[in-house]
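J.: Numbering (this note's numbering), first residue to last: 273 to 1169.
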RNA sequence: GGGAGCUUAGCUCAGCUGGUUCAGAGCAUCUGCCUUACAAGCAGAGGGUCACUGGUUCGAACCCAGUAGUUCCCA
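#1: Any idea which residues DSSP pairs residue 470 with across the strands?
#2: Just to confirm, are residue 756 and residue 786 a CB contact at a threshold of 8 Å?
#3: Going by DSSP, what residue range makes up the alpha helix (DSSP H) through residue 1140?
#4: Quick one: Cα of residue 708 to Cα of residue 686, how far?
#5: I need the boundaries of the alpha helix (DSSP H) containing residue 379, first residue and last residue.
#6: Buried or exposed, going by whether 16 or more other CB atoms sit within 10 Å of the CB of residue 276?
#7: Taking only runs of the alpha helix (DSSP H) that begin and end inside the region 937-993, which ones reach a length of at least 4 residues, in chain order?
#8: Is residue 957 buried or exposed, if buried means 16 or more other CB atoms sit within 10 Å of its CB?
#9: Report the rounded CA-to-CA distance for residue 281 versus residue 970, giving the unit in angstroms.
#10: Would you decide whether residue 1154 is buried or exposed? Buried here means 16 or more other CB atoms lie within 10 Å of its CB.
#11: Tell me the DSSP secondary structure of residue 910 in three-state form.
#12: So, is residue 844 buried or exposed, given that buried needs 16 or more other C-beta atoms within 10 angstroms?
#13: Residue 867 to residue 964, Cα distance in whole Å?
#14: Report, in whole angstroms, the separation of the C-beta atoms of residue 429 and residue 725, which I expect to be a contact under 8 Å.
#15: Quick one: is residue 849 buried, meaning 16 or more other Cβ sit within 10 Å of its Cβ, or exposed?
#16: What three-state label does DSSP hand residue 1085 in the structure shown?
#17: DSSP on residue 744, reduced to helix/strand/coil?
#18: Note down, in chain order, each residue of its chain lying with its Cβ closer than 7 Å to the Cβ of residue 335, except the 5 sequence neighbours on either side.
#19: Alpha carbon to alpha carbon, what distance is there between residue 325 and residue 441?
#20: Quick one: what's got a C-beta closer than 7 Å to residue 656's C-beta in the same chain, skipping five residues either side?
#21: Could I get the ranges of all uninterrupted alpha helix (DSSP H) runs contained in the region 305-342, with 4 residues as the minimum, in chain order?
#22: Closest to residue 350 by CA distance: which of 298, 327 and 368 is it?
#23: What number of angstroms, rounded off, separates the C-alpha of residue 303 from the C-alpha of residue 547?
#24: Are residue 795 and residue 830 close, meaning C-beta to C-beta below 8 Å?
#25: May I have the straight-line CA-CA distance separating residue 378 from residue 819, to the nearest angstrom?
#26: Could you check if residue 329 is buried or exposed, using at least 16 other CB atoms within 10 Å of its CB as the buried criterion?
#27: By the 10 Å Cβ neighbour count, where 16 or more other Cβ atoms means buried, how is residue 777 classified, buried or exposed?
#28: Are residue 300 and residue 450 close, meaning C-beta to C-beta below 8 Å?
#29: Kindly indicate which residue of 1096, 1087 and 680 has the alpha-carbon position closest to the one of residue 422.
#30: Around the C-beta of residue 1020, are 16 or more other C-beta atoms found within 10 angstroms, so that it is buried, or is it exposed?
#31: Closest by CA to residue 290, which one among 968, 674 and 1163?
#32: Quick one: using the 10 Å Cβ neighbour count with 16 as the cut-off for buried, is residue 1009 buried or exposed?
#33: Can you tell me which of 937, 502, 878 and 749 puts its alpha carbon nearest to the alpha carbon of residue 1066?
#34: If you follow the beta strand (DSSP E) that residue 693 is part of, which residue opens it and which one closes it?
#35: By a C-beta neighbour count over all protein chains shown, 10 Å radius and 16 as the cutoff for buried, is residue 1146 buried or exposed?
#36: Would residue 753 and residue 408 qualify as a contact pair, given that the criterion is a beta-carbon distance under 8 Å?
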């Protein structure tokens, strides 16, 4: 079979994904194995895949695939979130295009449209995840508004209400005038904007005196019910007991005194509008002020305002400023920067607004969620988020859980016509319950609360509800999979979602929902801006996959994304990922092309090469396992990358590559070939979690395999203890034959340097690789054994004739590489040049300096007294090495003079 | 306004208990090579006052204090 020169992901990806599905490799059912579980952070059902999802789900897939290979019963539960506000907004907009207003529809009609729309377009995102290679158990796909999950939400609401944890009340909430609903504190984004500070004069009642206040919101003047100043403010002390006249509306309001006021800000006098500002509201409660709500839910002036009725608040701001100016009561305006809250979902400016809402008390219920993160029962990765988490949990406010929307779980609260409220599942039940308080209640008098619950009030149950933990609290699934293992999500929703899941977990299972929370960064563009649809700076992930292959994009994303760090996304890393795919593909082509001859005896270089790579592979595997266990994903990937590209391709394959004679590759011996296949299979396995498609493809081509013999379910390589390798080592000048992993690697580092030296000389002299060159090496006695071990590798890789000698002759016309342990010389036709001598002198000077430093350190009594013995020994060794090197350099130089 | 974090090569980041396996990796850059696995490649090279200023220490990228810049969280 002819293999193409470059790897083409297009012909393999869909094929293998279908194959995996066909053999149900993603499927998980409880069995005797240990489970490894991840629940997906459910994307909005209306969503399309963006780069954040890509990163997030790549990490989850890597974890799931690795654990699956390690023998865990890996279960990744997918699903979508009904996303009340976002989805409703989308449906409203769509209906509007068709000329239908939401207000003209009944709740039932609207929901019918919404469900139709969901069935048609919802879940596109899950299909897109397949392209990425996500190995979710699709049979377990859930939706937060499906029947069972909604039932759980309702049950939880009723339960918490009965426990006294849920209450209803008028509070100041964050009102989204566009979505026409309350939103939680967490859904408000504060942005700094340029604003104007208006200085407005209010007349003092029955006096020819004025008081000037400063405000950024003159449109709320109509709702003013007091003026507030600091009790210590000398400027205003005489106004005690006086009233001020609110301009335009001419209402007399009291002047109150409160230490809340910042005397430095503006004029030190504040207009108090309890209906439209949380701080003013608190002042109002304290001083028993009247509340006049002058802004309607849609952000336009209400009838209570009396003026400008029906006009938008921002239009009124300008208008009122103009009117005040004409009245001579606008003293001046100043440009300032202040923070304004925006709705996360609709980007409308949030209006603080008093309204009747449902709340969940957070103080008691959130306690275990705080404790168990602080005590390490649940780990946040990276750890730095624990601080933020702690801060938030210690200052947590009651959670406003009602939303004035239709798309979502309708609140199971029922009201009669006499102001009684009951909370229960059905209307029939409600009537029964209401009869206790109101015996004459009629069915038509009983109305259900119009509002739905916050979306997060359903997604906080996700790790329990996806396993039907509410429907069957003792079910097989929930008992087996819960608590789950890892959660991978963005830090933005640490409070929205993660904290609340932990709360629900302890409240309803008495157990944490997961053990580790891996917080990914935010994907940003090159300029550091967050990727967003409105900026148009987000590449389409599906297009990226088509361009670089899913494996390439996965590698690209992970290469630059340590946990918790933002990811400045640059397509070039995907290119690197694609190039890596190609590298592996070509290594495969090379191996595949070899002809095996069972009669050939393994040569010495190949023998050493397999010994070395075996050791290297095990060492790196150990390293990779360790990095995974610390969730250092990009480092695990980099380690894998270097193992494959550098150690396997650049060194190992070069060491064992059969020679080319007469335009034809010689056959390879069976022993080396078999070892190579085993190595290759192992590194394919290690690569698989990162690059599932190409590894599966090569896995299937490298050997004849059965349908189900797939790498996705192959066993993760075990770290084998490396013990039957004997390399020379020296202790206290005595030659000791001992087993040592460390030596084979540090030895090889010196050999690599020697090889580099020979290559450089050949390159500089324009000697082709095929052309042989004579190299002389003068090793110290101790190093000779080591050199003998590696000599065939050196010969093979550099194509040289290596002569090992002890004649301490100074070579005047040689290129040399001197390290004091094993010096290398290559003869040259012309004599030593000045540059060569200078280079040697430079080297000598540096080594001398280094030695001086070590000697100084060793002659420092305090150092000797304080340093650990190992450190001391190490310093002594450094001294000896440096002295040997200096001696060799000096001899060399002496010969040149 | 309160709190937390960050600042190491052109870029993205490692650097654990202070000590040449401490100044590292990948990418990018530069210079040679179309050498029969791979130019999506190979070989080689050059990049850093570890933000700044002081302190502790025999010894500081690392510990302490302050300054600047920056990001996030809360109000």
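Note that the Cβ used here is the ideal one computed from N, Cα and C, for glycine as well.
T.: Let's see:
#1: Here residue 470 corresponds to residue number 198 of the first chain, with the count starting at 1. Paired residues: 487 and 605.
#2: Here residue 756 refers to the residue found at position 484 when the first chain is read from its first residue. Here residue 786 refers to the residue found at position 514 when the first chain is read from its first residue. Cβ distance < 8 Å, so residue 756 and residue 786 count as in contact.
#3: Indexing the first chain from 1 puts residue 1140 at position 868. Looking at the DSSP string, residue 1140 is not in any alpha helix (DSSP H), and its letter there is neither H nor E.
#4: Taking the first residue of the first chain as 1, we reach residue 708 at position 436. Taking the first residue of the first chain as 1, we reach residue 686 at position 414. Rounded to the nearest angstrom, the two C-alpha atoms are 14 Å apart.
#5: Residue 379 sits at position 107 when you count from the first residue of the first chain. Counting along the chain, the alpha helix (DSSP H) containing residue 379 begins and ends at 379-393.
#6: Position 4 of the first chain, counted from the first residue, corresponds to residue 276. Exposed, by the Cβ-count rule.
#7: 942-959 and 964-974
#8: For the purposes of this step, residue 957 is taken as residue 685 along the first chain, with counting starting at 1. Flag for residue 957 reads buried.
#9: Against the first chain, residue 281 aligns to sequence position 9. Against the first chain, residue 970 aligns to sequence position 698. So the alpha carbons of these two residues sit roughly 12 Å apart.
#10: Locating residue 1154 in the first chain gives position 882, where the first residue counts as 1. The residue is buried, with at least 16 neighbouring Cβ atoms inside 10 Å.
#11: Residue 910 sits at position 638 when you count from the first residue of the first chain. Helix at residue 910.
#12: Counting from 1 along the first chain, the entry for residue 844 is found at position 572. Residue 844 should be labelled exposed.
#13: On the first chain, residue 867 is found 595 positions in, with the first residue counted as 1. On the first chain, residue 964 is found 692 positions in, with the first residue counted as 1. Rounded to whole angstroms, residue 867 to residue 964 spans 28 Å at the Cα level.
#14: On the first chain, residue 429 is found 157 positions in, with the first residue counted as 1. On the first chain, residue 725 is found 453 positions in, with the first residue counted as 1. Correct: roughly 7 Å between the Cβ atoms.
#15: As a working note, residue 849 is residue 577 in the first chain. So residue 849 counts as buried.
#16: Here the question's residue 1085 lines up with position 813 in the first chain. Three-state result, residue 1085: coil.
#17: Counted from its first residue, the first chain places residue 744 at position 472. Coil.
#18: Walking along the first chain from the start, residue 335 turns up at place 63. Around residue 335: 310 and 758.
#19: Indexing the first chain from 1 puts residue 441 at position 169. Indexing the first chain from 1 puts residue 325 at position 53. The alpha-carbon atoms of residue 441 and residue 325 are separated by roughly 38 Å.
#20: Here residue 656 corresponds to residue number 384 of the first chain, with the count starting at 1. Taken in chain order, the residues that qualify are 836.
#21: 323-341
#22: As a working note, residue 350 is residue 78 in the first chain. Comparing Cα-Cα distances from residue 350 to each of 298, 327 and 368, the minimum goes to 298.
#23: In the first chain, residue 303 corresponds to position 31, counting from 1. In the first chain, residue 547 corresponds to position 275, counting from 1. So the alpha carbons of these two residues sit roughly 59 Å apart.
#24: Start at 1 with the first residue of the first chain, and residue 795 comes out as number 523. Start at 1 with the first residue of the first chain, and residue 830 comes out as number 558. Their beta carbons are not under 8 Å apart, which means residue 795 does not touch residue 830 by this criterion.
#25: Here residue 378 refers to the residue found at position 106 when the first chain is read from its first residue. Here residue 819 refers to the residue found at position 547 when the first chain is read from its first residue. Looking at the two C-alpha atoms, the distance is approximately 47 Å.
#26: Taking the first chain and counting its residues from 1, the one referred to as residue 329 is at position 57. With 16 or more Cβ atoms within 10 Å of its Cβ, residue 329 is classed as buried.
#27: Taking the first residue of the first chain as position 1, residue 777 is located at position 505. Buried, by the Cβ-count rule.
#28: Walking along the first chain from the start, residue 300 turns up at place 28. Walking along the first chain from the start, residue 450 turns up at place 178. Against a cut-off of 8 Å, the Cβ pair of residue 450 and residue 300 comes out as no contact.
#29: Position 150 of the first chain, counted from the start, is the residue given in the question as residue 422. It is 680.
#30: Here residue 1020 is taken as the residue at index 748 of the first chain, counted from 1. Buried, since its Cβ has 16 or more Cβ neighbours within 10 Å.
#31: Here residue 290 corresponds to residue number 18 of the first chain, with the count starting at 1. Comparing Cα-Cα distances from residue 290 to each of 968, 674 and 1163, the minimum goes to 968.
#32: On the first chain, position 737 is the one that residue 1009 refers to. In this prediction, residue 1009 scores a pLDDT of 46, lower than 50, which makes its location untrustworthy; no coordinate-derived value is stated.
#33: Translated into positions along the first chain, residue 1066 becomes position 794. Per the Cα distances, 878.
#34: Translated into the one-based positions of the first chain, residue 693 becomes position 421. Residue 693 -> beta strand (DSSP E) spans 693-695.
#35: Within the first chain, residue 1146 is the residue found at index 874, counting from 1. Exposed.
#36: Translated into positions along the first chain, residue 753 becomes position 481. Translated into positions along the first chain, residue 408 becomes position 136. It is not a contact, given that the beta carbons lie outside the stated cut-off.
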